[in-house]
Ligand SMILES: Nc1ncnc2c1ncn2[C@@H]1O[C@H](COP(=O)(O)OP(=O)(O)OP(=O)(O)O)[C@@H](O)[C@H]1O
Ligand SMILES: [Mg+2]
């Protein structure tokens, strides 16, 4: 079942197109990483999905409810953590969550229950009585997450939840998101690609307002240009080795990256995706009795996908 359906979402600011004709769907239970360079249109797309920013054209629905025609129903199924969590510095953590719960229409005894639940879930117990102004950035992010979780929505939309955090905090928030992902559908934007590789089972790449890809990480890395790349370090006649490598069929290009101290040449061999040129390369170098100290076949990751889809050259 589709949790989110975006159809031909389009957003212009004046004459500038921020998001161009974006269509995608997200199934219940999916953990989706939303990737793209700065200014690509991630936040704009997320805001349109939440219904907080009306699109210039196109529609979005959450759990079957159009976010503009049925905003209340749609929002009941969704928790949103914006890019810069707007918190009230002069409130205590539990006061702020109480205030947010009431704004969301949670009432009576369930306010207390809900707050206890999200405080526990987000590890905020030690800080529940602290003034928000005294919280570290990581704890502020937790408050933002706790806010998004109020009402226990099926879908969480998190705009850069680990932005500005140190490596330890990033790990803690990542673990928190991972645990939330067990019983929620999650869309999160981030610039940390390893994070997406670790948590997400679907990736949407957006660049200059265009959706470039929407697929599983495995499908995206499969068949990449980077997939056939081999790097080599050897000592000896550079020109001769390059020539012999280039004569080998699957090889498309040989690049001399640099010469390292001690006269070691580092070569990058680009070949057809899915081929492995290591054996042949080693044989060529060995046939001249040149010493070789390194040979490595690149295993493509999401960073390669990202670079290939968003590079400007
Ligand atoms: N209210 C606005 N008025 C004019 N331009 C805007 C407005 N909001 C966003 N933009 C522009 O739309 C483009 C997309 O912005 P958006 O915030 O969606 O990017 P992003 O992918 O979230 O980037 P980042 O990684 O920096 O958060 C940018 O060029 C931005 O300057
Ligand atoms: Mg953004």
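In my numbering, the protein residues as written are 109 to 421. Even glycine gets a Cβ: it sits at the ideal position worked out from N, Cα and C.
Residue environment for residue 269: buried (at least 16 other C-beta atoms within 10 angstroms of its C-beta). DSSP places residue 403 in the strand class (E or B) of the three-state scheme. Here residue 244 carries a coil assignment [DSSP, helix/strand/coil].
In this structure, residue 314 has its CB closer than 8 Å to one or more heavy atoms of ligand 1. Straight through space, the alpha carbons of residue 250 and residue 384 are spaced by roughly 45 Å.
Straight-line spacing of the CA atoms in residue 313 and residue 170 works out to 20 Å. When distances are taken from the beta-carbon of residue 297 to the heavy atoms of ligand 2, the shortest one is below 8 Å. Taking residue 248 as the centre and dropping the five residues before and after it, the same chain places the C-beta of 193, 195, 240 closer than 8 Å to its C-beta, in chain order. Going by DSSP, residue 295 is part of the beta strand (DSSP E) stretching over 293–297.
Contact holds between the region 324–343 and the region 368–379, because three or more Cβ pairs, one in each stretch, are under 8 Å apart. Using a Cβ distance threshold of 9 Å, residue 216 and residue 183 do not count as a contacting pair. A distance criterion of 8 Å places the beta-carbon of residue 317 in contact range of ligand 1, judged by its closest non-hydrogen atom. With a cut-off of 8 Å on Cβ pairs, the region 126–136 is in contact with the region 307–326, counting three or more such pairs. Using a cutoff of 8 Å, the CB of residue 126 counts as near ligand 1, since one of the ligand's heavy atoms is closer than that. Contact between residue 226 and residue 257 holds, since their C-beta atoms are separated by about 5 Å, short of 8 Å. In the DSSP assignment, residue 414 falls within the unbroken alpha helix (DSSP H) covering 410–418. For the set 262, 315, 412, 349, the Cα lying nearest the Cα of residue 125 is the one of 315.
At least one heavy atom of ligand 2 sits closer than 8 Å to the Cβ of residue 150. Across the structure, residue 302 and residue 187 are spaced so that their CA atoms are roughly 24 Å apart. A residue is called buried when at least 16 other Cβ atoms come within 10 angstroms of its Cβ; residue 297 meets this threshold and is buried.
As DSSP reads the structure, residue 187 sits in a beta bridge with 264. Between ligand 1 and residue 267, a heavy atom-to-CB distance of less than 8 Å is present. With a cut-off of 8 Å on Cβ pairs, the region 393–405 is not in contact with the region 276–294, counting fewer than three such pairs. Distances taken from the Cβ of residue 411 to the heavy atoms of ligand 2 include none shorter than 8 Å. Cα atoms of residue 259 and residue 386: separation of roughly 55 Å, rounded to the nearest angstrom.
No Cβ-Cβ contact shorter than 9 Å links residue 148 with residue 116. In the DSSP assignment, residue 302 falls within the unbroken alpha helix (DSSP H) covering 301–307.
Per DSSP, residue 111 is not a residue of any alpha helix (DSSP H); the beta strand (DSSP E) it occupies stretches across 110–121.
Assigned with DSSP and collapsed to three states, residue 281 falls in helix. Remark: the shortest separation between the CB of residue 191 and any heavy atom of ligand 2 falls under 8 Å. Cα atoms of residue 153 and residue 364: separation of roughly 41 Å, rounded to the nearest angstrom.
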